[in-house]
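Just so we're aligned: the sequence shown equals residues -8 to 534 in the working numbering. Just so you know, even glycine gets a beta-carbon here, dropped at the ideal spot from N, CA and C. All values reported here derive from a predicted model rather than from experimental measurement. Data block below; observations after.
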Amino acid sequence: MKKSPPKRATRTLTVLLIRREFPTPESALKTPHELTETPLPRGIGFKGVLYTAGSTARQPRWVPFVEEAFPDGVSIPHSMFPAALLFLRASERWFAVTFGPARHLLKPESFEMDFGLKVTLNTVDEKKLRSLDVRTIEELTVHTRRQVSRSSGIDAFSIDDVRDLLGAVTGEPTDSTLAKRLGGRDSLSLTAELSFSELADKCEVLLASYESTHYQKSFAWVDNIRLIREPTTRQRLDDELLRTLNARDFQKVHLAPPEVIDWDGIGFLYPGESVRSADVHGDLDLEECFAAMAEQAEVESGTFELSPEQFKSARIRAVEASGIEYEKWPLYKCLVAELSSGDELHVLSAGQWFRIEKVFAARTLKEASAYVKELKSLPPAKAHQREDQYNEGAALGSTELVCLDKVLDKPKGARSTFETCDLFSNARQFIHVKKMGKSSFLSHLFSQGAVSAETFLRDEDTRHRFKRRVEAQSSVLAKMLGDPTRAPTRGEYEVVFAVIAKANRLGWPRALPFFSQLNFVRQADRLRTLGYKVALCRIDVRK
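Quick look at the structure:
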């Protein structure tokens, strides 16, 4: 009886693809002289080299705490964590297989970003996914890992292809000979029956999978927005942005706080300014910032150039009316910028660069433009005027508007309060007003408008309370609301998002940050599904 070949062991390996700019294994290492180098034997079948590193045995930080309970002493051995890094050559490329904590031996810029993600997306069975790592872009970027109890399709993970950026993916490949399971983002974690001599052949298959575009059939939306993590690309974009700033081309660059703040009583100081030496600025303005920095440098405003050091180290401070510092941020983190290059749009937001596919960006702008509307009932805003001051002024003496800014509502069972709107008009318009700023703050405006409109539609008590509040200011406008016991009919009301923004030669809504356009379109679609009309308008700023 013929014996079957011995079963190969199942192993889990972590594989990285070295970038072409690093032609030798040694060039990809941080400190090759500190490692032990051992070339692979000639008979192994492929070219490669193994680097090993040991670590000094040391006492873990938790030991002193445990020893407090043992005055007579306790035996806790010190340990070492060896690491090995195997480089191998396949299909004219270098691969690195890491063992133990060996990834830190590589230069961060030496390996391909998203190698593990692309291989997985190109080979995975879309109905046999196990986990996804997702970044959700809002006021704060939220990182989550979504797992399912059994292999499932993408719908089971509730992905929002507008806000969610896909990170690592784990699943089962359609070809079981490739692996039993694979996943990853930059590195690829591969679980398969594998012997050492088969490594190069396996890497050739992985490289072909990495270069494939098969994933676009099921995961095309992944390319719409990608977080840029390559150090060289980020540096190139930083350099381009610095040149743009020093050329005073501010049409697609502005300043905004990188986090949510309470605007009441808050002002700003530019780098080098103090409460004693300068008036506190009511808002952030890039031209004012450059003028202030030029004054500090004692040069003419038109000749001042921001240095690379100032670009990253200069600080903007938020201060309260009393002069007490509220918060401070790097100037770089306060910049919101968009740079076009070839077929891609690059966006800087809260210190992170994103790559936006241009066809997707153009489609988003076209969809947002379809909602643009001019409202004659909304007067221009004054420079440095707060939102609440604008809303009160717009409604003062008007027969067309009532101000409901800061009038909070909390329906039964709701987790938090919200404003139904800032202004209500005699054209049955719920008007939400926001100053131009960081895209995530405008996204909050769009989200709040959608939530309040949905609550008004579904909750009778909310309609009763809203009508009483309107009636307290204008019985005429209250009549526009009709019978609160009746749910609104389709097209009866309009939700208006009004953004206070200076005129820009780019036009409207192109001047809106890309993420603002994207989130507006998402919420507008949601509102139209609920039966509301939707409009996007710009409120001009006058001195």
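Cβ-based burial, R533 [other Cβ within 10 Å; buried from 16]: exposed
Continuous alpha helix (DSSP H) assignments of at least 4 residues falling wholly in the stretch 310 to 336: 322 to 325
Beta strand (DSSP E) segments (min. 3 residues) lying fully within the stretch 438 to 510: 485 to 491
Short Cβ contact (7 Å threshold) for R10 with L108: no
N113 and S200 closer than 7 Å at C-beta: yes
Same chain, Cβ closer than 8 Å to D166, neighbours up to 5 away in sequence not counted: T114
Residues that Y162 bridges to, as DSSP identifies them: Looking at the sequence itself, residue 162 is Gly, so the reference to Tyr does not match. Answer is L120 and L173, bridged to G162.
Element boundaries [beta strand (DSSP E), containing R2]: T1 to L8
Any 3 or more C-beta pairs closer than 8 Å across the stretch 74 to 85 and the stretch 30 to 47: yes
For K493 and R517, the rounded distance between their alpha carbons: 28 Å
Where the alpha helix (DSSP H) through R346 begins and ends: Where R346 is concerned, there is no enclosing alpha helix (DSSP H), although the beta strand (DSSP E) it sits in stretches over Q343 to E348.
Bounding residues of the alpha helix (DSSP H) (the contiguous stretch that carries C280): L277 to A288
Close beta carbons around P370, own chain, < 6 Å, minus the five adjacent residues each side: A385
Assigned secondary structure, Q242 (DSSP; H/G/I helix, E/B strand, else coil): coil
Helix, strand or coil at P30 according to DSSP, with G and I counted as helix: strand
In DSSP terms, what Y42 is bridged to: E28 and L76
Among L399, K470 and E103, nearest to P222 - alpha-carbon criterion: E103
Bridge-paired residues (DSSP) for F210: DSSP, once it has assigned bridges, lists no residue as partnering F210.
Residues of its chain near E485, where Cβ-Cβ distance is below 8 Å and the 5 sequence neighbours each way are ignored: A418, R419, Q420, F421, Y523, K524, V525 and A526
Supposed close pair L395, F415 - CB separation, criterion 8 Å: 6 Å
F302 beta carbon less than 7 Å from that of L233: yes
Chain B contact for V88 (CB, 7 Å cutoff): Given the protein chain composition of this structure (a single chain), no chain B is represented.
Option nearest S331 by Cα separation, candidates E117, L228 and G263: L228
Sequence-distant residues of the same chain with beta carbon closer than 6 Å to T520, five excluded per side: none
Test item: CB-CB of Q514 and F437 under 7 Å: yes
Proximal residues to F210 (C-beta, below 6 Å), its chain only, five neighbours per side dropped: L112
Where A361 sits in the DSSP three-state scheme: coil
Contact the stretch 321 to 336 vs the stretch 289 to 307: 3+ CB pairs below 8 Å: yes
Nearest neighbour of P248, chosen from D379, R52 and A341 [CA to CA]: A341
Selection from R354, Q287 and D276 that minimises the alpha carbon distance to E264: Q287
For G258, three-class secondary structure by DSSP: strand
Rounded C-alpha distance that separates F457 from C528: 24 Å
Range covered by the alpha helix (DSSP H) that runs through C528: Counting along the chain, C528 falls outside any alpha helix (DSSP H), though it belongs to the beta strand (DSSP E) covering K524 to I530.
DSSP bridge partner residues for Q420 (one or two, in chain order): E485
Own chain residues within Cβ distance below 8 Å of R496, not counting five before or after: Q242
contact_flag[the stretch 9 to 26, the stretch 53 to 63] where n(CB pairs < 8 Å) is 3 or more: no
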